[in-house]
Amino acid sequence: MIILLISPLSAQLLDCDCSNRYQEEVFNDITVETNVTYSDVYNLKMDIYQPSSDVDLCTTRPLIILAHGGSFIGGSKTNPTMVDLCETFAKRGYVAASINYRLATDATVLGFAGFVWMTNLENGIKVIYSAMTDAKAAVRFFRKEFAELGNPYGIDQNQIWMGGNSAGACLGPHMSYIETVEEFVAGIDESGQDYALDLANINGGIEGMSGNEGYSSDISGMINLAGALHTVNWIDETDITPIVSCHGTEDETVPDECGTILNSPNNLTACGSMAIQPIISNYGVSNDLLIYEGAGHCPWDLNAGDKQEMIDFVTTFVYNHIDCNNTELNELNKSRELIYRKDILGRDVPSDNSGIIFKIYDDGFVNKQYIINQK
Numbered sequence: 094m095i096i097l098l099i100s101p102l103s104a105q106l107l108d109c110d111c112s113n114r115y116q117e118e119v120f121n122d123i124t125v126e127t128n129v130t131y132s133d134v135y136n137l138k139m140d141i142y143q144p145s146s147d148v149d150l151c152t153t154r155p156l157i158i159l160a161h162g163g164s165f166i167g168g169s170k171t172n173p174t175m176v177d178l179c180e181t182f183a184k185r186g187y188v189a190a191s192i193n194y195r196l197a198t199d200a201t202v203l204g205f206a207g208f209v210w211m212t213n214l215e216n217g218i219k220v221i222y223s224a225m226t227d228a229k230a231a232v233r234f235f236r237k238e239f240a241e242l243g244n245p246y247g248i249d250q251n252q253i254w255m256g257g258n259s260a261g262a263c264l265g266p267h268m269s270y271i272e273t274v275e276e277f278v279a280g281i282d283e284s285g286q287d288y289a290l291d292l293a294n295i296n297g298g299i300e301g302m303s304g305n306e307g308y309s310s311d312i313s314g315m316i317n318l319a320g321a322l323h324t325v326n327w328i329d330e331t332d333i334t335p336i337v338s339c340h341g342t343e344d345e346t347v348p349d350e351c352g353t354i355l356n357s358p359n360n361l362t363a364c365g366s367m368a369i370q371p372i373i374s375n376y377g378v379s380n381d382l383l384i385y386e387g388a389g390h391c392p393w394d395l396n397a398g399d400k401q402e403m404i405d406f407v408t409t410f411v412y413n414h415i416d417c418n419n420t421e422l423n424e425l426n427k428s429r430e431l432i433y434r435k436d437i438l439g440r441d442v443p444s445d446n447s448g449i450i451f452k453i454y455d456d457g458f459v460n461k462q463y464i465i466n467q468k
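In my numbering, the protein residues as written are 94 to 468.
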């Protein structure tokens with residue numbers, strides 16, 4: 094285990110007050126505890142980022158757990174986008190963790206067959222189930238540490254967010270929208286339902302067997318960076334977890350709407366951010382979506398300006414939903430009907446306009462979208 098100190102500069106001692114904390118980078122000194130084991134069962138590790146205890150007095154900090162991309166075939170917790178997000182969240186006063194999870198090629202998942210997992214429904218079911226239940230174990234790890242070891246990471250166990258990039262971004266929605274084995278099975282094509290039922294029943298149900306049993310894996314919010322669900326049929330009116338999403342409209346890896354993975358007709362289908370958003374908006378779920386018009390997969394991975402745009406967008410949404418700023422945006426849970434699309438000057442705008450767009454619903458609910466036209 095290695096603990097790194099990021100930046101020798103000092104920051105002013107701060108408590109849990111939200112006046113500037115969480116909104117801006119108020120800490121220069123952060124620590125990174127690397128290779129913390131969160132699953133003894135599968136030897137899964139995470140890196141944990143937080144403000145230095147020398148400068149931070151708060152011991153009830155929101156926690157952000159992030160999972161890397163890589164098509165469930167590659168990638169690791171040191172993915173640059175995950176590191177950048179963890180560092181900026183820690184500098185804002187959060188605790189952030191970047192996790193490894195079992196990939197398709199892991200011996201306990203598919204082994205060598207994992208390289209082509211997306212061409213077979215049963216393989217796809219096992220891949221997403223394995224990664225999802227690993228992420229659940231990561232959430233439970235922190236609650237177990239809180240309960241049994243006196244909260245060594247100084248988290249607020251009632252404010253745990255799950256996020257990720259590309260494949261890793263798929264974990265939060267699957268965790269949040271699938272609450273039972275029955276729901277998991279029902280959302281899958283009939284040809285794979287028996288396999289899904291057997292897989293879940295053998296491996297600990299919807300929570301899995303990745304460790305830290307007996308603790309909740311519930312999350313307070315989601316960060317979805319070019320992620321997707323296998324099917325939007327898993328979303329219903331009980332799914333009220335806030336979610337912030339970013340996606341390119343020309344993504345040929347993870348479809349922004351519903352389509353095939355890697356844009357291949359031989360691959361499984363998935364439904365991306367722009368397929369998810371209208372459904373959850375109709376249910377009154379607090380959400381926001383940054384659309385990169387004309388951009389491909391994860392443009393923030395390749396362009397510094399796009400990355401900063403994404404970071405600003407995501408951190409603002411999370412800040413507006415933590416307890417000291419949450420104005421109970423989710424207490425309303427009913428169907429809404431879109432009546433207007435307006436720009437920042439109050440003018441009616443067509444659906445393909447770029448810029449800041451406000452969707453106004455019949456009950457007064459307003460959903461903001463920030464669309465970047467890159468064509």
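Built from N, CA and C at the ideal position, the CB exists for glycine as well.
As the structure is a computational prediction, the values presented were derived from the model and not from experiment.
Beta-carbon proximity of residue i to residue j, cut-off 7 angstroms
| i | j | result |
| --- | --- | --- |
| alanine 262 | glycine 320 | yes |
| glutamine 250 | valine 188 | no |
| valine 325 | isoleucine 372 | yes |
| tyrosine 270 | aspartate 227 | no |
| leucine 318 | asparagine 258 | yes |
| alanine 289 | valine 278 | yes |
| isoleucine 123 | lysine 184 | yes |
| cysteine 417 | cysteine 151 | no |
| isoleucine 316 | valine 407 | yes |
| glutamate 345 | alanine 368 | no |
| aspartate 381 | threonine 174 | no |
| asparagine 359 | threonine 212 | yes |
| isoleucine 253 | valine 274 | no |
| serine 303 | tyrosine 115 | no |
| valine 129 | methionine 139 | yes |
Burial state of residue i (16 or more Cβ within 10 Å)
| i | result |
| --- | --- |
| cysteine 364 | buried |
| alanine 104 | In this prediction, alanine 104 has a pLDDT of 35, which is less than 50 and means its spatial position is unreliable; nothing more can be read from the coordinates. |
| serine 366 | buried |
| asparagine 113 | exposed |
| glycine 217 | buried |
| valine 243 | At residue 243 the sequence reads glycine, which differs from the valine that was named. It counts as exposed. |
| isoleucine 96 | Reliability of the predicted coordinates at isoleucine 96 is poor, the pLDDT of 44 falling under 50, and the value obtained from them is presented with this limitation in mind. It is exposed - the Cβ of isoleucine 96 has fewer than 16 other Cβ atoms within 10 Å. |
| arginine 440 | exposed |
| tyrosine 433 | exposed |
| alanine 470 | Here the chain has residues from 94 to 468 only, and residue 470 is not among them. |
| isoleucine 295 | exposed |
| isoleucine 354 | buried |
| glutamine 401 | exposed |
| glycine 204 | exposed |
| asparagine 426 | Any answer about asparagine 426 is weak, because its pLDDT of 34 lies below 50 and its placement is not dependable; what the coordinates show is given next. By the 10 Å Cβ count, asparagine 426 comes out exposed. |
| leucine 102 | Below a pLDDT of 50, predicted positions are generally treated as unreliable, and leucine 102, at 32, falls in that range; no measurement from the model is reported. |
| alanine 293 | buried |
| aspartate 282 | exposed |
| serine 379 | buried |
| glutamate 424 | Confidence at glutamate 424 is low in this model, with a pLDDT of 40, below 50, so its placement is unreliable and no value can be given for it. |
| proline 392 | buried |
| threonine 331 | exposed |
Cβ distance (whole Å) where residue i is taken to contact residue j below 8 angstroms
| i | j | result |
| --- | --- | --- |
| leucine 214 | leucine 361 | 6 angstroms |
| serine 191 | leucine 159 | 5 angstroms |
| tyrosine 385 | aspartate 399 | 7 angstroms |
| lysine 229 | methionine 268 | 6 angstroms |
| glycine 247 | glycine 256 | 20 angstroms between Cβ atoms; not a contact. |
| alanine 197 | phenylalanine 165 | 5 angstroms |
| threonine 484 | isoleucine 404 | Any question about residue 484 goes unanswered here, given that the chain covers just 94 to 468. |
| threonine 171 | cysteine 109 | The pair is not a contact, with the Cβ atoms about 29 angstroms apart (cut-off 8 angstroms). |
| isoleucine 453 | aspartate 436 | Their Cβ separation, rounded to whole angstroms, is 12 angstroms, which puts isoleucine 453 and aspartate 436 out of contact at 8 angstroms. |
| glycine 186 | aspartate 147 | The Cβ separation is near 14 angstroms, so there is no contact. |
| isoleucine 336 | glycine 352 | Contact doesn't hold; Cβ gap of about 20 angstroms is too wide. |
Bridge partners - residue i, DSSP secondary structure assignment
| i | result |
| --- | --- |
| methionine 302 | Bridge partners of methionine 302: none, in fact. |
| methionine 315 | Met255 and Ile336 |
| methionine 139 | Val129 and Ile192 |
| cysteine 151 | BP columns for cysteine 151 are empty, so no partner. |
| tyrosine 433 | Ile453 |
| isoleucine 365 | Residue identity differs from the one stated: residue 365 is glycine in this sequence, not isoleucine. BP columns for glycine 365 point to Ala321. |
| asparagine 360 | Beta-bridge pairing links asparagine 360 to no other residue. |
| arginine 409 | Rather than arginine, the amino acid found at residue 409 in this sequence is threonine. Threonine 409 is not bridged to any residue. |
| glycine 352 | Ala363 |
| isoleucine 373 | According to DSSP, which records beta bridges pairwise, isoleucine 373 is partnered with nothing at all. |
| aspartate 287 | Aspartate 287 is not bridged to any residue. |
| aspartate 441 | Lys435 |
Exercise. Just list the beta strand (DSSP E) runs in the region 221-252, keeping only unbroken ones of 3 residues or longer that don't cross its boundaries, in chain order.
Key: none
Exercise. Would you list, in sequence order, the uninterrupted alpha helix (DSSP H) runs of no fewer than 4 residues that lie entirely inside the region 151-190?
Key: 173-184
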